[in-house]
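Read the structure below first, then the notes.
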Amino acid sequence: MQEKIELLKSINTDNSRFVLKILEAFEKNKINLKNKENNSSIITNCIDSLDKKNVINLDKIWSKPYFYTTMRLKFNEIIEKFSNISYEVISKNPKKFCNDIVKTKVTKDFNKPNDCIDIVEFIQNLNSSNDYVFFAKEKDEETLFKEDQIKKAIHIIKIKDKKEQFSYIYDEIYNYLDEDFISNKYCDFINDKCIAQRHLVLYPMNRKDGCCFMQIRKCNHLHEHGVCDVKCLACRLFSCPYLSKKGVGYWASDFVLLKAFLNKNQRKQLIFDFYKDKDSVLEKVLHK
Ligand code: SF4
Ligand code: SF4
Numbered sequence: 001m002q003e004k005i006e007l008l009k010s011i012n013t014d015n016s017r018f019v020l021k022i023l024e025a026f027e028k029n030k031i032n033l034k035n036k037e038n039n040s041s042i043i044t045n046c047i048d049s050l051d052k053k054n055v056i057n058l059d060k061i062w063s064k065p066y067f068y069t070t071m072r073l074k075f076n077e078i079i080e081k082f083s084n085i086s087y088e089v090i091s092k093n094p095k096k097f098c099n100d101i102v103k104t105k106v107t108k109d110f111n112k113p114n115d116c117i118d119i120v121e122f123i124q125n126l127n128s129s130n131d132y133v134f135f136a137k138e139k140d141e142e143t144l145f146k147e148d149q150i151k152k153a154i155h156i157i158k159i160k161d162k163k164e165q166f167s168y169i170y171d172e173i174y175n176y177l178d179e180d181f182i183s184n185k186y187c188d189f190i191n192d193k194c195i196a197q198r199h200l201v202l203y204p205m206n207r208k209d210g211c212c213f214m215q216i217r218k219c220n221h222l223h224e225h226g227v228c229d230v231k232c233l234a235c236r237l238f239s240c241p242y243l244s245k246k247g248v249g250y251w252a253s254d255f256v257l258l259k260a261f262l263n264k265n266q267r268k269q270l271i272f273d274f275y276k277d278k279d280s281v282l283e284k285v286l287h288k
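1 is the number of the first residue of the sequence shown in our numbering; add one for each residue after it.
Printed below as a string of structure tokens:
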């Protein structure tokens, strides 16, 4: 594996760097998963001996469309292709391999089994007053995801003030995107130009600083070295046509907590209110 990684580093093309970023993100995710596993309270046996009223059987909760986002499916496929190819084959033409692999197409097609409940519906009917016990036959990544989302939902239900509730959800999604999108550096800035700008695609219109612009001016919140002084969720969720084409993209409907606690108009406000600070966005969300 390491030999193949070194090969990608040595060719240093836009697409080889993109594949390397996906591989790095995958490794980082493995560490996060270990931490989640250690902090999990899921029990995997003896469901019969438990008071069934308080047991949340995670195996009966459906979360596939939220867990397997199109981006995750595509990246999983790329990782699998990269893992399965031999060094001998890839070394014949690593550039072409990377160009082909980033074009991987995936389809998202899941059918909910009749005896399962969608996680969003489950959360919307959740009662926060019970001390729940989480059960699953196996403690895998998807089960840990369900536990994490439901525990956060219980915490949100316990917050009585609506604005505080929204603020918690806002921070959750924003921090997730910071970790998943920003820290993995898919925008691939070199000398203040992002990958889309280096390819001179029509969007964005400015020549540097990525998409942090307002119509034709630089955004007022942008400072030296790409530092932004506000926490704008719409900006974080945004992914330009260049990156979307490569499979990097986030949709509000992918986020369980957004779907469970915000109505359509509120979600719309969050997604499209660019260049704004958190407080002003939340104020508008509250009145939707
Ligand atoms: S989202 Fe696209 S346009 Fe914006 S900074 Fe990233 S690569 Fe550039
Ligand atoms: S508010 Fe948005 S556009 Fe402005 S600097 Fe921050 S991230 Fe960039």
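All C-beta atoms in this analysis are idealised placements derived from N, C-alpha and C, irrespective of residue type, glycine included.
Less than 8 angstroms between the beta carbons of F134 and S41, yes or no?
yes
Option nearest F166 by Cα separation, candidates E6, I43, D279
D279
Look at L7 and L20 and say whether their C-beta atoms are less than 8 angstroms apart.
no
Would you mind listing the alpha helix (DSSP H) stretches within the region 253-286 that are 4+ residues and don't spill past its ends, in chain order?
256-261, 264-272, 278-286
Please classify K218: is it buried, with 16 or more other beta-carbons within 10 angstroms of its beta-carbon, or exposed?
exposed
Might you give, ordered along the chain, the residues of its own chain that have their beta carbon closer than 6 angstroms to the beta carbon of C212, omitting 5 neighbours on each side?
C219, L222
With 16 other CB atoms within 10 Å as the buried threshold, where does L23 fall?
buried
Taking 7 angstroms as the cut-off, is the CB of A25 close to at least one heavy atom of ligand 1?
no
Taking three-plus beta-carbon pairs below 8 angstroms as touching, is the region 68-81 in contact with the region 245-253?
yes
Does the distance between the C-beta of S280 and the nearest non-hydrogen atom of ligand 1 fall short of 7 angstroms?
no
Looking at ligand 1, does it come within less than 7 angstroms of Q269, judged from the CB to the closest heavy atom?
no
Anyone know if the C-beta pair for K146 and L58 falls short of 8 angstroms?
yes
Scan the region 46-104 and note each continuous alpha helix (DSSP H) run of 4 residues or more that stays entirely inside, going in chain order.
64-67, 70-84, 87-90, 94-101
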